[in-house]
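Going by UniProt numbering, the residue at position 292 of the sequence shown is 292; the numbering climbs one at a time, nothing skipped.
Following: one structure in structure tokens, then a few remarks.
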Amino acid sequence: MARVSATTTSDIEKAAGVLRAGGLVALPTETVYGLGANAEDPAAVARIFQVKGRPPSHPLIVHIGGAEHLDDWVEAVPATARLLAERFWPGPLTLVLRRGRRVPLEATGGLETVAVRVPDHPVALALLSAFGGGVAAPSANRFGSISPTTAEHVRAELGEAVDFVLDGGPCGVGVESTIVDATGEIPSVLRPGGVTREDLEAVLGCPIAVPSTSRVRVPGQHPSHYAPRARVVLVEPEKVVVEAELAQELGQRVGVFLPPSFAGASVKAHAVVAIPASMPAYARGLYGFLRELDQRGCDVIVASLPVEEGLGLAIANRLRRAAGPRPSS
Ligand code: TXA
Ligand code: MG
Numbered sequence: 001m002a003r004v005s006a007t008t009t010s011d012i013e014k015a016a017g018v019l020r021a022g023g024l025v026a027l028p029t030e031t032v033y034g035l036g037a038n039a040e041d042p043a044a045v046a047r048i049f050q051v052k053g054r055p056p057s058h059p060l061i062v063h064i065g066g067a068e069h070l071d072d073w074v075e076a077v078p079a080t081a082r083l084l085a086e087r088f089w090p091g092p093l094t095l096v097l098r099r100g101r102r103v104p105l106e107a108t109g110g111l112e113t114v115a116v117r118v119p120d121h122p123v124a125l126a127l128l129s130a131f132g133g134g135v136a137a138p139s140a141n142r143f144g145s146i147s148p149t150t151a152e153h154v155r156a157e158l159g160e161a162v163d164f165v166l167d168g169g170p171c172g173v174g175v176e177s178t179i180v181d182a183t184g185e186i187p188s189v190l191r192p193g194g195v196t197r198e199d200l201e202a203v204l205g206c207p208i209a210v211p212s213t214s215r216v217r218v219p220g221q222h223p224s225h226y227a228p229r230a231r232v233v234l235v236e237p238e239k240v241v242v243e244a245e246l247a248q249e250l251g252q253r254v255g256v257f258l259p260p261s262f263a264g265a266s267v268k269a270h271a272v273v274a275i276p277a278s279m280p281a282y283a284r285g286l287y288g289f290l291r292e293l294d295q296r297g298c299d300v301i302v303a304s305l306p307v308e309e310g311l312g313l314a315i316a317n318r319l320r321r322a323a324g325p326r327p328s329s
């Protein structure tokens, strides 16, 4: 499907009207596209879960138009949370804080905390400003599958189930926001994302805990999240080519995430994606690469983990989850 031309003011007005009427709007953010509803409308929020096929116990993120609105949505803002909001918003950082009264339990999966962020995308900010309230939005994909980074991905996956899709072009960051539990004075990272651990530590002036991927216990983060249809196999970077060629010889249709160290190498495989050496470019492309290899009919994707620093931490987290056990297996 051809890209719709740049979002206009009337698109924003229309989308705000859809939200006011209890409908669902897919909106671009700097991380991934979100599936949004009026955060204060329990019936609209319930439709998000229905459309995604997501269990109602998995909490959503409430998107707001600016850090100055934070106090309207949460019970209390510890000094550290205030500092992080001021420093990183708008941006790919989500703060988990104690739930304010206006946030319905439907949006928090029954939790007494709420996740809040200010997205750094002109279309999302224009929508939030026109709408005036908070927009509860998970990533606009079906439960457990790959997050969308273009409006086409959203249309292909959710189609008519969404009342309106705002097209803001491809997402610039490409992986979801970093989620920080800021309920206490010592914050901890619940999900690595677009704001790096190094960025957080520079602002906080102390080391920050990031849980090992395999043991993350955030509701709504089971191991097989972000999974393509193809099985994902992770190997050491120097073994990617040999593993891929072996599996291809054994009759599988193999997709390869070719590490930068093999750039230009010819590989006997069904489909090859050259992984960018730059971490921001890799993060921006990651979900598109997984979708592409699915579309090309790969049975298996052979990849390796990047060095786990900077954005590499979030990329490695998503790849591990993509390679994790599936609910059906
Ligand atoms: O970048 C992003 O964060 C994107 C864009 C659309 O903003 N959104 C996103 O939403 O990734 P979603 O629903 O796919 O992931 C949100 C995660 C959930 O998996 C859940 O684990 C966590 O946020 N979360 C939400 N509320 C929480 C809470 N009160 N306590 C702990 N974790 C929470
Ligand atoms: Mg998601």
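We put the CB at the ideal spot given by N, CA and C, even for glycine.
As the structure is a prediction and not an experimental result, all values here were calculated from the model.
Does the distance between the C-beta of residue i and the nearest non-hydrogen atom of the ligand MG fall short of 8 Å?
| i | result |
| --- | --- |
| GLU176 | yes |
| HIS225 | yes |
Take residue i as the anchor and find which of the options has the nearest alpha-carbon.
| i | options | result |
| --- | --- | --- |
| ARG99 | PRO119, TRP89, ASP71 | ASP71 |
| THR113 | ASP120, PRO104, PRO119 | PRO104 |
| ALA115 | SER266, TRP73, PHE164 | TRP73 |
| VAL254 | GLU245, VAL96, ALA277 | GLU245 |
| PRO276 | LEU125, ARG291, GLU160, ILE315 | ILE315 |
| ALA26 | ILE64, THR94, VAL123, ARG117 | VAL123 |
| VAL240 | GLN252, PRO259, GLY159, ALA85 | PRO259 |
| GLY22 | ALA37, GLU30, GLY132 | ALA37 |
| LEU24 | LEU127, GLY91, ARG320 | LEU127 |
| ARG229 | LEU290, ASP199, SER261, ALA263 | LEU290 |
| VAL235 | HIS58, LEU305, PRO42 | LEU305 |
| PRO28 | GLU176, GLU68, THR80, SER261 | GLU176 |
| ASN317 | PRO56, LEU286, GLY297 | LEU286 |
| ARG326 | TYR282, GLY144, ARG20 | GLY144 |
| HIS225 | CYS206, SER261, GLY324 | GLY324 |
| VAL302 | ALA107, ALA6, VAL273, ALA263 | VAL273 |
Under the three-state reduction of DSSP, which class applies to residue i: helix, strand or coil?
| i | result |
| --- | --- |
| HIS63 | strand |
| VAL154 | helix |
| ALA16 | helix |
| ASN317 | helix |
| THR29 | coil |
| ALA322 | helix |
| THR7 | coil |
| SER139 | strand |
| ARG215 | The predicted model places ARG215 with a pLDDT of 46, which falls under 50 and marks its position as unreliable; any figure quoted below should be read in that light. Helix, per DSSP. |
| SER129 | helix |
| ALA274 | strand |
| ARG296 | coil |
| LEU97 | strand |
| THR113 | strand |
| residue 331 | In the structure as shown, the chain starts at 1 and stops at 329, and residue 331 therefore has no counterpart that could be examined. |
| ILE179 | strand |
| LEU204 | helix |
| VAL165 | strand |
| GLY36 | strand |
| GLY310 | coil |
| SER145 | coil |
| ARG231 | strand |
Give the C-beta separation of residue i and residue j to the nearest angstrom, bearing in mind that I take them to be a contact with Cβ-Cβ under 8 Å.
| i | j | result |
| --- | --- | --- |
| LEU60 | ALA137 | 7 Å |
| ARG284 | GLY172 | 7 Å |
| VAL195 | THR183 | Incorrect: roughly 18 Å between the Cβ atoms, too far for contact. |
| VAL267 | VAL256 | 6 Å |
| LEU35 | ALA140 | 4 Å |
| GLY134 | GLU40 | 7 Å |
| GLU203 | LEU311 | The amino acid at residue 203 is misidentified as Glu; the sequence shows Val. Their Cβ separation, rounded to whole angstroms, is 17 Å, which puts VAL203 and LEU311 out of contact at 8 Å. |
| PRO119 | GLU30 | 6 Å |
| ALA265 | GLN248 | Not really, about 14 Å apart at Cβ, beyond 8 Å. |
| PRO207 | GLU201 | 6 Å |
| SER261 | PRO237 | 6 Å |
Could you check whether the Cβ of residue i sits closer than 8 Å to any heavy atom belonging to the ligand TXA?
| i | result |
| --- | --- |
| HIS153 | no |
| ILE179 | yes |
| LEU70 | no |
| PRO119 | yes |
| LEU190 | yes |
| GLY194 | yes |
| VAL307 | no |
| ILE64 | no |
| GLY144 | no |
| ALA115 | yes |
| ILE61 | yes |
| PRO42 | no |
| residue 346 | Nothing can be reported for residue 346, as the shown portion of the chain is limited to 1 through 329. |
| GLY34 | yes |
| THR31 | yes |
| LEU127 | no |
| THR149 | no |
| LEU111 | yes |
| HIS58 | yes |
| THR108 | yes |
Examine the ligand GDP and report whether any of its heavy atoms sits within less than 8 Å of the Cβ of residue i.
| i | result |
| --- | --- |
| THR94 | Among the ligands modelled here, namely the ligand TXA and the ligand MG, the ligand GDP does not occur. |
Item checked: Pocket of the ligand MG defined by Cβ to heavy atom distance under 6 Å -> PRO138, SER139, SER147
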